[in-house]
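Asker: The structure that follows is given in the form of structure tokens.
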Amino acid sequence: MTALPADIALAIRPAAIADASDAATKARFAGARDNLDSPSQGFFDSTADALDVLTTRFSLLGAVRRRFAVEVQDALLINIEQGVPNFRLVDDEQFVDGATLCARIEVDLENETTSMVLFG
531 MTALPADIAL
541 AIRPAAIADA
551 SDAATKARFA
561 GARDNLDSPS
571 QGFFDSTADA
581 LDVLTTRFSL
591 LGAVRRRFAV
601 EVQDALLINI
611 EQGVPNFRLV
621 DDEQFVDGAT
631 LCARIEVDLE
641 NETTSMVLFG
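So the sequence shown is numbered by this note's numbering: it starts at 531 and just counts up by one.
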């Protein structure tokens with residue numbers, strides 16, 4: 531099948547490079563890679579569209595999240611059909627008091643305990 535003129539025009543147009551960053555995140559994680567050696571590729575009609583997607587992606591990746599292993603001295607029977615379980619985790623030693631999402635649940639019915647991995 532031969533290429534159409536419209537396809538050829540799209541393939542030979544010059545590339546535009548868009549960048550989104552945040553000085554506060556760079557200062558907090560100074561040793562993190564900057565992704566300039568292998569940037570994410572995307573194909574957009576305009577640079578403005580690319581910047582919109584980069585800003586959204588950065589807001590997801592740039593958020594600080596922590597992972598917690600939690601042991602509960604009870605067998606929690608969770609209905610996954612109701613959605614991703616979320617919990618409020620309060621731990622004075624870890625300086626945590628906030629909402630978390632459950633990433634892993636392991637229920638031990640014999641010992642009546644539940645192990646969870648929470649992100650928040």
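By construction, the Cβ of each residue, glycine as well, lies at the ideal position given by its N, Cα and C atoms.
So who's on the other strand from E601, going by DSSP bridges?
Answerer: Paired residues: S645.
Asker: Out of curiosity, what's the CA-to-CA distance linking T577 and R587?
Answerer: Their backbone Cα atoms lie some 15 Å apart in a straight line.
Asker: The beta strand (DSSP E) that contains R596, what's its start and end?
Answerer: Per DSSP, R596 belongs to no beta strand (DSSP E) and is neither H nor E.
Asker: Determine, using beta carbons only, whether F649 and R597 come nearer to each other than 8 Å.
Answerer: Yes. Within cutoff.
Asker: Straight-line CA distance for M646 to C632?
Answerer: So the two alpha carbons sit approximately 7 Å from each other.
Asker: Under 8 Å, do D604 and T644 count as touching if we go by C-beta distance?
Answerer: Yes, they are a contact pair.
Asker: Consult DSSP for T630 and reduce its assignment to one of helix, strand or coil.
Answerer: T630 falls in the strand class under three-state DSSP.
Asker: Identify the residues that DSSP records as bridge partners of L619: which are they?
Answerer: DSSP, once it has assigned bridges, lists G628 as partnering L619.
Asker: With D654 as the anchor, note down where its alpha helix (DSSP H) starts and where it stops.
Answerer: As shown, the chain starts at 531 and ends at 650. That puts residue 654 outside it, with no answer to give.
Asker: With DSSP collapsed to three states, give me the class of V583.
Answerer: In the structure shown, V583 sits in a helix (DSSP, three-state: H, G or I).
Asker: Just to confirm before moving on: does the CB-CB distance between L619 and G628 stay below 8 Å?
Answerer: A contact, by the Cβ cut-off of 8 Å.
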